[in-house]
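> Sharing a structure with you now.
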Amino acid sequence: MSLIEIKGLKKKFGNNVVLDGVDLNIEKGEVVAIIGPSGTGKSTLLRCLNLLEKPEAGTVKFGDKTYDLTSKNKKEKLALRQHTEMVFQQFNLFKNKDALSNVMEGLVVVKKVPKEEAKKKALEEIEKVGMSDRLYHYPKHLSGGQQQRVAIARALALEPELLLMDEPTSALDPELVNEVLLTIKRVAAEGNTILLVTHEMNFVKSVANRIIFLENGRIVADGTPKEIFENPTNERLKTFLRNINMLESPDNYVI
Amino acid sequence: MAKLFDAALVFTQIPKLLKYLPTTLYLTLIALIIGLAVGLLIAVVRINKVPVLSQLAVTFVSIMRGTPIIVQLYITYFGIPIALKYFNYYNGTDYDINAIPGIVFAMVALGLNQAAFDSETIRSAIQSVDKGQIEAAKSMGMTGLQVLRRITLPQAITVALLPLGNSIIALIKGTSLAFTCSVVEITAAAKITAGKSYRYFEAYCSIAIIYWVITFLLERIMVFLEKKTSIPDEPKEVEA
């Protein structure tokens with residue numbers, strides 16, 4: 407039995423079908439990268455899993471608890487959201503709180519952890535992303551890369567069963583991308599289960615152990631980086647890889 | 004010729020008028036609380052587009068902003084007793100309108116007027132908080148109320164502080180119209196004093212000074228609050 411089972415996920419924006427019945431099982435410790443052309447529902451898939459978007463149909467199972475993603479029950483919604491944590495493209499740190507408070511917030515408010523304990527846990531997570539020297543910096547004092555590292559610490563402090571990462575490096579200056587990618591690499595190596603949307607193909611190759619290619623709201627290819635990049639069978643996937651120069655010269659840079 | 008202008012009187016009668024300052028401040032404070040509470044409620048109703056309530060709120064804000072405050076005071080002062088008479092008549096009750104002091108009418112009218120203006124300030128301040136932070140808070144599993152209290156409102160307050168300061172200053176001066184509800188605050192007191200001495204010009208000069216000093220103090224308080232709620236320019240370093 408898989409750790410997470412997503413079944414029949416459907417989402418429309420108006421008449422535009424974005425997710426057309428997605429089924430996906432994720433094993434514990436897997437790092438799954440979602441790739442695909444823009445507008446194919448990669449981010450929407452993540453956002454449906456924590457109900458930032460409301461899907462038309464679909465269920466998700468965490469362990470032995472199954473959630474109906476269309477349920478209107480508020481308690482169930484809040485319970486579902488505690489299984490996952492999200493890292494956003496725009497970091498979305500709380501601007502009125504310093505780095506330490508950002509990481510403590512969810513522990514104190516949602517998990518009701520006593521303050522002292524929450525602080526200890528937050529300091530550990532901040533240490534891991536290498537931001538211990540900037541505990542009292544507010545988001546406006548931090549670079550994009552630093553903000554994203556704090557955001558990663560904030561997500562991990564809540565010990566999610568599944569970490570959702572929605573293009574975590576897309577909003578960063580090229581110089582700052584590496585520090586965040588290295589952080590994610592370490593997070594992956596620690597055995598966290600991750601569902602990641604990204605355009606950093608070389609990074610995907612080195613860090614993901616499974617890649618999903620999404621097209622027109624459906625999973626059309628699903629395999630290891632080797633299978634996807636070196637031996638693609640799906641025609642649309644081949645075109646996509648050719649378009650982003652990943653088919654002819656697979657090793658143009660390495661992180 | 005008698006003195007045309009008694010400059011000394013402008014200052015010597017200030018202590019006498021100051022006796023009525025607590026009434027002015029009390030009226031301001033209660034109207035301010037009503038204004039902020041109802042204003043926040045209206046803002047939240049409108050942002051969440053609550054059916055029926057939202058439309059009622061829009062109409063309320065439009066009417067309150069579209070009519071002079073003095074007219075609102077008169078309507079409250081004369082309207083509530085009429086409404087109470089009807090209520091008594093149809094329900095066979097015997098509530099006495101004279102049991103309610105005039106200041107209550109003034110508080111309600113000024114408070115609701117304030118609420119109409121504050122609701123727009125609060126609404127725009129809340130909407131200025133970027134959606135990403137709200138999504139981050141929600142995805143953590145925070146309830147709507149927790150998001151409002153911990154993330155949205157603290158940031159909205161910083162944005163709303165300056166325009167709210169304006170509206171509080173307008174309110175303090177608005178209390179000078181409370182005489183329409185037979186409340187004796189400093190303006191009414193000045194009129195009464197001048198009615199005896201015929202020194203109207205001096206009386207108005209005296210209260211002008213009082214209003215200006217209060218407003219000046221209030222401006223200082225707002226500057227202090229602004230500093231306190233804003234995020235420091237320089238980060239605090241971690242001590243080694």
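The listed protein sequences correspond, in order, to chains A and B. Quick note: the first sequence uses this note's numbering, first residue 407, plus one each step. Quick note: the second sequence uses this note's numbering, first residue 4, plus one each step. The beta-carbon is built from N, C-alpha and C at its ideal position, and this holds for glycine as well. Note that the structure is a prediction, hence the values are computed from the model and not measured.
1) Are at least three pairs of beta-carbons, each pair with one atom in the segment 424 to 431 of chain A and one in the segment 480 to 490 of chain A, less than 8 angstroms apart?
2) Find the residues of chain B that neighbour residue 491 of chain A, judging by a C-beta separation of less than 8 angstroms, and give them in chain order.
3) Fully enclosed by the segment 481 to 517 of chain A, which beta strand (DSSP E) runs are 3 residues long or longer?
4) To the nearest angstrom, report how far apart residue 165 of chain B and residue 631 of chain A are at their CA atoms.
5) Given a threshold of 16 other Cβ atoms within 10 Å of its Cβ, counted over all protein chains shown, does residue 37 of chain B qualify as buried or as exposed?
6) Out of curiosity, what's the CA-to-CA distance linking residue 97 of chain B and residue 85 of chain B?
7) At least one CB of chain A closer than 8 angstroms to the CB of residue 135 of chain B: is that the case?
8) DSSP beta-bridge partners for residue 388 of chain A?
9) Under 8 angstroms by Cβ, that's how I've got residue 628 of chain A and residue 449 of chain A pegged, so tell me the actual separation to the nearest angstrom.
10) Name, please, each residue of chain A whose Cβ falls closer than 9 angstroms to the Cβ of residue 130 of chain B.
11) What would DSSP say about residue 225 of chain B, mapped onto helix, strand or coil?
12) Would you decide whether residue 211 of chain B is buried or exposed? Buried here means 16 or more other CB atoms lie within 10 Å of its CB.
13) Quick one: which chain A residues come within Cβ less than 8 angstroms of residue 229 of chain B?
14) Leaving out five residues before and five after residue 204 of chain B in sequence, what residues of the same chain have Cβ atoms less than 8 angstroms from its Cβ?
15) What are the residues in the segment 528 to 562 of chain A lying within 9 angstroms of chain B by C-beta distance?
16) Any chance you could list the alpha helix (DSSP H) runs of at least 4 consecutive residues sitting entirely within the segment 139 to 215 of chain B, in chain order?
17) Quick one: list the residues of chain A neighbouring residue 241 of chain B, beta-carbon separation under 8 angstroms, in chain order.
18) Could you tell me the alpha carbon to alpha carbon distance between residue 519 of chain A and residue 56 of chain B, rounded to whole angstroms?
19) Rounded to a whole number of angstroms, what is the C-alpha to C-alpha distance between residue 44 of chain B and residue 592 of chain A?
20) Roughly how many whole angstroms lie between the Cα atoms of residue 659 of chain A and residue 561 of chain A?
21) Less than 8 angstroms between the C-beta atoms of residue 390 of chain A and residue 558 of chain A, yes or no?
22) Based on Cα-Cα distance, which residue from A/416, A/422, A/471 and A/447 lies nearest to residue 407 of chain A?
23) Answer with yes or no whether the minimum CB distance from residue 211 of chain B to chain A is below 8 angstroms.
24) Contact check, residue 585 of chain A vs residue 551 of chain A under 8 angstroms by CB: the rounded distance?
25) The ligand PLP heavy atoms versus the CB of residue 55 of chain B: any closer than 7 angstroms?
26) Return yes when the Cβ of residue 112 of chain B is within less than 8 angstroms of the Cβ of residue 131 of chain B, no when it is not.
27) Using a Cβ-Cβ cut-off of 8 angstroms, state whether residue 487 of chain A counts as contacting chain E.
28) Taking buried to mean at least 16 other C-beta atoms within 10 Å of its own C-beta, is residue 68 of chain B buried or exposed?
29) Are the segment 465 to 481 of chain A and the segment 504 to 518 of chain A touching, with three or more C-beta to C-beta distances below 8 angstroms?
30) Would a C-beta distance cut-off of 8 angstroms place residue 564 of chain A and residue 526 of chain A closer than the cut-off?
31) When DSSP labels each residue in this structure, what does residue 8 of chain B get in the three-state scheme?
32) What does residue 146 of chain B reach in chain A if we use C-beta pairs closer than 7 angstroms?
33) Put residue 110 of chain B into one of helix, strand or coil per three-state DSSP.
34) Which residue's Cα is closest to the Cα of residue 168 of chain B: B/10, B/31, B/15 and B/19?
35) Below 8 angstroms on C-beta distance, what does residue 154 of chain B contact in chain A?
36) Report the neighbours of residue 564 of chain A on chain B: residues whose CB is nearer than 7 angstroms to its CB, in chain order.
Checking against the coordinates, here is how it stands:
1) Fewer than three beta-carbon pairs drawn from the segment 424 to 431 of chain A and the segment 480 to 490 of chain A are found closer than 8 angstroms, and the two stretches are therefore not classed as touching.
2) Within chain B, the residues 142 and 143 have their CB atoms less than 8 angstroms from the CB of residue 491 of chain A, given in chain order.
3) For the segment 481 to 517 of chain A, the full-length beta strand (DSSP E) segments reaching 3 residues or more read 490 to 493 along the chain.
4) C-alpha separation (whole angstroms): 55 angstroms.
5) By the neighbour-count rule (16 or more Cβ atoms within 10 Å), residue 37 of chain B is buried.
6) CA-CA distance, residue 97 of chain B to residue 85 of chain B, rounds to 13 angstroms.
7) So, interface residue.
8) Limits of chain A in this structure are 407 at one end and 661 at the other, which puts residue 388 of chain A out of reach.
9) Cβ-Cβ separation between residue 628 of chain A and residue 449 of chain A: approximately 18 angstroms, too far for a contact (criterion under 8 angstroms).
10) By Cβ distance, chain A contributes nothing, its closest Cβ being about 15 angstroms from residue 130 of chain B, past 9 angstroms.
11) Helix.
12) When all chains shown are included, residue 211 of chain B counts as exposed.
13) Simply none; closest approach about 14 angstroms.
14) If you ignore the 5 residues before and after residue 204 of chain B, its C-beta comes within less than 8 angstroms of the C-beta of 8, all in its own chain and listed in chain order.
15) Here the close residues are 538, 539, 540, 541, 542, 543, 544, 545, 546, 547, 548, 557, 560 and 561.
16) The qualifying runs are 147 to 150, 156 to 177 and 189 to 200.
17) By Cβ distance, chain A contributes 538, 539, 540, 541 and 542.
18) The alpha-carbon separation between residue 519 of chain A and residue 56 of chain B amounts to approximately 38 angstroms.
19) Cα atoms of residue 44 of chain B and residue 592 of chain A: separation of roughly 46 angstroms, rounded to the nearest angstrom.
20) Note on residue 659 of chain A: pLDDT 47, under 50, position unreliable in the model; the coordinate value appears next. Going by the C-alpha atoms only, they are around 29 angstroms apart.
21) This structure cannot settle anything about residue 390 of chain A, because the visible part of chain A is limited to 407 through 661.
22) Ranking the options by Cα distance to residue 407 of chain A, first place goes to A/471.
23) So no, residue 211 of chain B is outside the interface.
24) Indeed, because the Cβ distance is near 5 angstroms, the residues count as touching under 8 angstroms.
25) Ligands displayed in this structure: none; no statement on the ligand PLP is therefore possible.
26) Result no, Cβ atoms of residue 131 of chain B and residue 112 of chain B do not sit closer than 8 angstroms.
27) Among the protein chains of the structure shown, namely A and B, there is no chain E.
28) Result: exposed.
29) Contact between the segment 465 to 481 of chain A and the segment 504 to 518 of chain A is not established, with fewer than three Cβ pairs separated by less than 8 angstroms.
30) Between residue 564 of chain A and residue 526 of chain A, the gap from beta carbon to beta carbon reaches 8 angstroms or more.
31) Residue 8 of chain B falls in the coil class under three-state DSSP.
32) Within chain A, the residues near residue 146 of chain B are 484.
33) In the three-state DSSP reduction, residue 110 of chain B falls in the helix class (H, G or I).
34) The residue with the shortest Cα to Cα distance from residue 168 of chain B is B/31.
35) Chain A residues near residue 154 of chain B: 500 and 502.
36) The contacting residues are 143.
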